[in-house]
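See structure below.
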Amino acid sequence: MGRLNKITDDKASFFIKKLFRKVEEGLGKIPVLFRYMANSESMFNCYLNFNSCLSDAKLDQRYIKMIILATSEFNDCDYCVRAHTQMAKDAKLLNDEQCLNARKFIGIDEKSDVLLKFVKKILETKGNVSDNDIQKVREAGFSDGEIVEAIGAIDVAMMTNYLAHVADVECDFPEVPKAK
20 MGRLNKITDD KASFFIKKLF RKVEEGLGKI PVLFRYMANS ESMFNCYLNF
70 NSCLSDAKLD QRYIKMIILA TSEFNDCDYC VRAHTQMAKD AKLLNDEQCL
120 NARKFIGIDE KSDVLLKFVK KILETKGNVS DNDIQKVREA GFSDGEIVEA
170 IGAIDVAMMT NYLAHVADVE CDFPEVPKAK
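Residue numbers (our numbering): 20 to 199.
Structure representation (structure tokens):
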């Protein structure tokens, strides 16, 4: 069991119930992690809005999902790796092999491969990348806006990765193969 309160439907505020319905309409269920996130109305709402903004990003949605998978693997977040693998497959964005490769910072094409190497550099250096790193990602065809969106995808993953670790969340998604 988790180390934070898990907000059940009967204990949820009106606003949280509304957010739960929104999530359930989109995903077909309410992932258990969201029941922990619901301890804060503002953070749960912020997270959902941030995700909504990312869905409107210019950056390819497959690339966003690969960034989230790579970041989650980097942070050893089994919950998020499993959740986003399932979501990527359900949305027909990526298949099993592509999800596994993304977790190893391997793209589905040359462009995404460059992007994932850049993401790895961001994670390893805590954002202190070189001018050359930025130049490489630009030369691969990414705009500065898409670079910012890639950082946003890292941020979305980091929030759930850390919450899953802190709350010690039980996983409600299928197991996936180990990446290492």
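Even glycine gets a Cβ: it sits at the ideal position worked out from N, Cα and C. None of the values given here were measured: they were computed from a predicted structure.
From this set, the options, which residue's C-alpha is nearest residue i's C-alpha?
i	options	result
Gln80	Ala110, Ser162, Glu143 and Phe34	Ala110
Phe33	Asn24, Lys48, Asn58 and Gly21	Asn58
Asp150	Phe137, Ala176 and Lys25	Phe137
Asp191	Arg101, Arg122 and Val167	Arg101
Ile141	Gly160, Met177 and Asp97	Met177
Lys145	Lys41, Ile170 and Ala186	Ile170
Val42	Ser61, Asn68, Asp29 and Asn24	Asn68
Check for me: the alpha helix (DSSP H) holding residue i runs from which residue to which?
i	result
Cys96	Counting along the chain, Cys96 falls outside any alpha helix (DSSP H), and DSSP gives it neither H nor E.
Leu113	No alpha helix (DSSP H) holds Leu113; DSSP gives it neither H nor E.
Leu161	As written in the sequence, residue 161 is Phe, which differs from the Leu given in the question. Note, Phe161: premise wrong, no alpha helix (DSSP H); not H, not E.
Ser61	Glu60 to Ser74
For residue i, which of helix, strand or coil comes out of DSSP?
i	result
Val148	coil
Leu23	coil
Gly47	coil
Phe34	helix
Phe192	coil
Residue i: buried (16+ other C-beta within 10 angstroms of its C-beta) or exposed?
i	result
Cys65	exposed
Ser91	buried
Since I believe residue j is in contact with residue i (beta carbons under 8 Å), could you give me their beta-carbon distance rounded to a whole number of angstroms?
i	j	result
Ala172	Leu73	6 Å
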